[in-house]
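Top to bottom, those sequences are chains H and V.
If you count the first sequence from 1, position 67 lands on 67 in our numbering, and the numbers rise without skipping.
Here our numbering = 1-based position in the second sequence + 1000.
Each residue gets a CB set at the ideal place from its N, CA and C atoms; glycine is no exception.
Note that the structure is a prediction, hence the values are computed from the model and not measured.
Just below is one structure, and these are the notes that go with it.
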Amino acid sequence: MKKVKEFMTRDLTSVTEDTSLVEATEILSLRGLNGIPVVNKHNEIVGWISERDIVTSIFPEKVKIENPDIVGFTNLSKVVKKLTQVGQARVKDYMSKTFHGVKEDDDASDVAELLLHKDLKRVPVTRNKLLVGVVDRASLAHILLEEGTLE
Amino acid sequence: MIVTVTLNPAYDHILILEEMDPGQLNRASTTMRIPGGKGVNVACSLALLGEEVIATGFLGGSVSRPFEEYLRKVGVTTNFIYTNTELRTDFFVMEEKKNRQTLLVEEGSAIELRYINSFKTNFERLLGQADIIEIGGSLPKGVSPSFVKELIILANKKNVKVVLNVQEHILKECLGTKLFIAMPDLRGCENIMGKNVCKLNLRPLISKEIMDKGTEIVILNSESFKYTVANKDELWEGEIEAGKAPIKIGVRDSLLAGFIYNYKSSGNLGEALKYGLGCALSTARNKKANQPNSIKEVEELRLMAKVRKVS
C-alpha cells in the first residue's frame, strides 16, 4: 500500500491565525480550494479554515428558506453589518481548532478511512508536526484505483 | 532544505524550427510550454538531484495551477502567493540550423502591496525550515531591488545562507549584505562592476570586488559552458565541450543548482564546478525540460568537465 508522501500534493498554501478573513477568502477563491491549513510561525498546523467556516460566519443561523428556489434574509441590514465585521475579523476567530490530519508515512488506506468516516474533502499532511502537503479525495481515489488495477 | 524565490516567474513557450525568416510566416516543428524563471529552473534541477526544495514567489491567473502541478510532478514543493494578475509568458524561438535563440519577454503586471506583504510573511515562515535561500530572476513591476535586500537581511538574521542569481542592478543594491553565492545574470551585457567579464584576466578583480562587500563565492560566465568560480582563497576556471548541444534556456540555472548541490557536501570549489558543468550540459541535452536528463547523465558528463585552479 502506498504511503501518503508518494501521492500527496506537495503544496504549502496556508494562512496564519492573524490573516484576515478577506485575505483567506481570496486565497480560497483564487486557488479554487474549499479549505486550507492554519499554521503558526514555525509552520506547525494549529487549525483549519474552510469556506464553510467563513460562510457560516457571515450568515449565522439567519438564513431563511422561504421558497426552495429563493434564499432570503430575515434582516438584510443585519447581514450587511455582519459582513463588515467579518471582513475585518481574523482567521483565528473562525477557524476550526480541532482538525484531522495525516502523517506522510501513513498508508493510503488510513487516509481513505479518515476521509470517509469524517466526511472530509481534504486533509493536511505533516512531518514532525510541520506542514508538508495535503491529500484530497480525488488524488486518493486515483491512487487507490491505480493500486486496485495493479492487484 | 533549499527554498528558491522567483518573484517574476513565467511560462517558457519554446518554439523550435530549423531557421526563422523574420517578417514571414514561420512554422515551428516542435513546441514546448514549461514553467520558467531562474528560481523555478534551479528548483527543478535541485529536485532532480534529490534535494528537498520549496519554490516560492508570485503566481496568478488560470495557468498558474498547471504551472504548479508541473513543478510538483518533478518533485518540487510549491508555496506561491497567488495575485489577481495573470502569469507572464516568455517566448523562445530556437533555430536549430544556426544554433541561435531569440527571446521575447513579457513585462507582466504590477504586484499590489498587499500581496508583497503576504509574500514577506510567508517568506519569514519558510526561513525557519531553510538551510539555503536562492533568489533568482527579474523583478515584477511593484517590487524594487530594495525588497530583495530586505529578504536577504531577514535570511541573514536567521543565519540562512543566501544565493543571489540576478541582474547587476539588483545585485549592486544587495551588496553589503551577507551572501553565500553571487552569480550575476550577464545575459545581454558584457560588463559587471564596470569591467568586461569576457576578459578572463579581469574576472579575479570583478570577483574580489564583489567578495569584498560580503559575498563568500562568486560565479561568473560569459558563454554557456565557460565559468569562473572564486572565494577568498581560490579561483577556478572550468569548461565543458558541449559538442552539438543547443544553446538553451535554464543551462546557467542548472549549473548553479549542480554547484550548490555538490558544494553543500564537498565544500570543494573545483569539484562543485565540475558537477555544475555536468548538470548544465545534461540540461542542454534535455529536449523536454529545463533540468538535467538524469543524475546518471550528470555523473557521466561531469567527468568530461575540465577545471583548473588558477590561483
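The DSSP assignment places 1251-1266, 1269-1285, 1295-1302 as complete runs of the alpha helix (DSSP H) inside the stretch 1248-1310 of chain V, in order along the chain (cut-off: 4 residues).
Three or more Cβ pairs closer than 8 Å define a contact, and the stretch 1096-1107 of chain V falls short of that threshold against the stretch 36-56 of chain H.
Put simply, the CB of R10(H) is near chain V, with a gap under 8 Å to one of its CB atoms.
Judged by their CB atoms, N1290(V) and N1079(V) are not nearer to each other than the 8 Å cut-off. Residue pairing for Y1070(V): DSSP places it in no beta bridge. Per DSSP, the continuous alpha helix (DSSP H) segment holding R1203(V) begins and ends at 1203-1211.
At least one CB of chain H lies nearer than 8 Å to the CB of S1118(V). When DSSP assignments are scanned along the stretch 1138-1174 of chain V, the uninterrupted stretches of beta strand (DSSP E) that are 3 or more residues long and fall wholly within it turn out to be 1161-1165. Boundaries of the beta strand (DSSP E) harbouring F1091(V): 1088-1095, taken from the DSSP string. Proximity to V1074(V) across I1002(V), G1037(V), V1053(V) peaks at V1053(V), based on C-alpha coordinates. In terms of beta-carbon proximity, H42(H) lines the interface with chain V, with at least one pair separated by less than 8 Å. In the three-state DSSP reduction, N1041(V) falls in the helix class (H, G or I). Under the DSSP assignment, D1021(V) falls outside any beta strand (DSSP E); it carries neither an H nor an E label. Residues of chain H with a Cβ closer than 8 Å to the Cβ of Q1101(V) do not exist, since the nearest Cβ in that chain sits about 31 Å away.
When C-beta atoms of the stretch 1248-1257 of chain V are compared with those of the stretch 124-137 of chain H, fewer than three pairs fall below 8 Å, so the two segments do not count as touching.
Judged by DSSP in its simplified three-state form, I1111(V) adopts coil rather than helix or strand. For the stretch 1052-1071 of chain V, the residues whose beta carbon sits under 8 Å from a beta carbon of chain H are, in order, I1054, G1060, R1065, E1068. A residue is called buried when at least 16 other Cβ atoms come within 10 angstroms of its Cβ; G1188(V) does not meet this threshold and is exposed.
Look at N1079(V): its C-beta is under 8 Å from a C-beta on chain H. Annotated three-state conformation of H1013(V) is strand, per DSSP.
Only residues of its own chain outside the window of five on either side were considered, and among them A108, V135, S139, L140, H142, I143 have a CB closer than 8 Å to the CB of F7(H), listed in chain order. K5(H) carries a helical assignment under DSSP once its states are collapsed to helix, strand and coil. Take R1302(V), set aside five residues on each side of it, and the residues of its chain with a beta-carbon closer than 6 Å to its own are K1274, Y1275, G1278, in chain order. For T1056(V), the uninterrupted beta strand (DSSP E) segment begins and ends at 1053-1060. Below the 8 Å Cβ cutoff, chain V contributes Y1082 as neighbours of I27(H), in chain order.
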